[in-house]
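Undergrad: In the working numbering, the protein residues as written are -7 to 229. No residue lacks a Cβ here, since even glycine has one placed at the ideal position from N, Cα and C.
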Ligand SMILES: Nc1ncnc2c1ncn2[C@@H]1O[C@H](COP(=O)(O)OP(=O)(O)O)[C@@H](O)[C@H]1O
Ligand SMILES: [Mg+2]
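1) State the Cα-Cα distance for the pair residue 104 and residue 110, rounded to the nearest angstrom.
2) Run the CB neighbour count on residue 166, radius 10 Å, all protein chains shown included, and call it buried at 16 or more, exposed below.
3) Can you name, in chain order, every residue of its own chain whose Cβ lies under 7 Å from the Cβ of residue 20, other than the five neighbours on each side?
4) Residues in the same chain with beta-carbon distance under 8 Å from residue 77, minus the five sequence neighbours each way, listed in chain order, please.
5) Do you know how far the Cα of residue 108 is from the Cα of residue 94?
6) Within the continuous alpha helix (DSSP H) that includes residue 129, where are the two ends?
7) Suppose contacts are defined by Cβ-Cβ distances below 8 Å. Is residue 24 in contact with residue 143 by that definition?
8) Using 8 Å as the cut-off, can you tell me whether the region 122 to 130 makes contact with the region 35 to 50, which would need three or more C-beta pairs spanning the two stretches below that distance?
9) Please list the terminal residues of the continuous beta strand (DSSP E) segment that includes residue 81.
10) Using 8 Å as the threshold, is the region 69 to 87 in touch with the region 132 to 143, meaning 3 or more CB pairs across them?
11) Which partner residues of residue 211 appear in the DSSP bridge assignment?
12) Can you tell me which of the three DSSP states residue 122 falls into?
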């Protein structure tokens, strides 16, 4: 059974529809990317899954449970962690306190949360070194690690990542690539949205192209990397 099923989903801001009849599935263990230009609707798609924008029709189900019936604050309890566009770390809090926030809904299981924190520090040793440092003093790449680490503290069944490479230098994008591969290999089902098509298609197994709020193309990453339309419109080659 698919972990996530999105069927005929429409979403709108103030009555103006920006996602039009989106349908796709994410299987347990998949790494799926959604690529598309600025304003294509990528962030809106992730926000729709997290219950942060009004869904006007269609269905979103996680392991058969209808997510449309849940308020946004219940979504993390269902095992969905969302790394928002722009990271949104708390600059005046330490790295470690930022990470603990991501486990808030699991706070009653302190021992397991502590194990997850150690796993996040293994994944991102630089955060371990800087655990007491204020998050606002970190570089952009390190703040992105905090944002991803915070999401992992929720022990997600499904990780939603919104443009994690945005604003990062090429060397840091390579580090991010490696981190995403390791996180996925550790068993986290991942849905990544990216404008960096090269990155997205190099980490994900499958991808969808979103254009003006519609899914216009889909396939395995290696097929899309060789697709003339993708190469011209999204890879510039
Ligand atoms: N809070 C909002 N209120 C109204 N319109 C919005 C809002 N956020 C995004 N939009 C519009 O929705 C469309 C999709 O935006 P978005 O999902 O942010 O695209 P992407 O993440 O692909 O750049 C755009 O036309 C954008 O202007
Ligand atoms: Mg966006």
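TA: Reading it off the structure:
1) 10 Å
2) When all chains shown are included, residue 166 counts as exposed.
3) -5 and 181
4) 35, 154, 155 and 158
5) 11 Å
6) Looking at the DSSP string, residue 129 is not in any alpha helix (DSSP H), and its letter there is neither H nor E.
7) no
8) The region 122 to 130 vs the region 35 to 50: no contact.
9) No beta strand (DSSP E) holds residue 81; DSSP gives it neither H nor E.
10) yes
11) For residue 211, which the question treats as bridged, DSSP gives the partners 199.
12) coil
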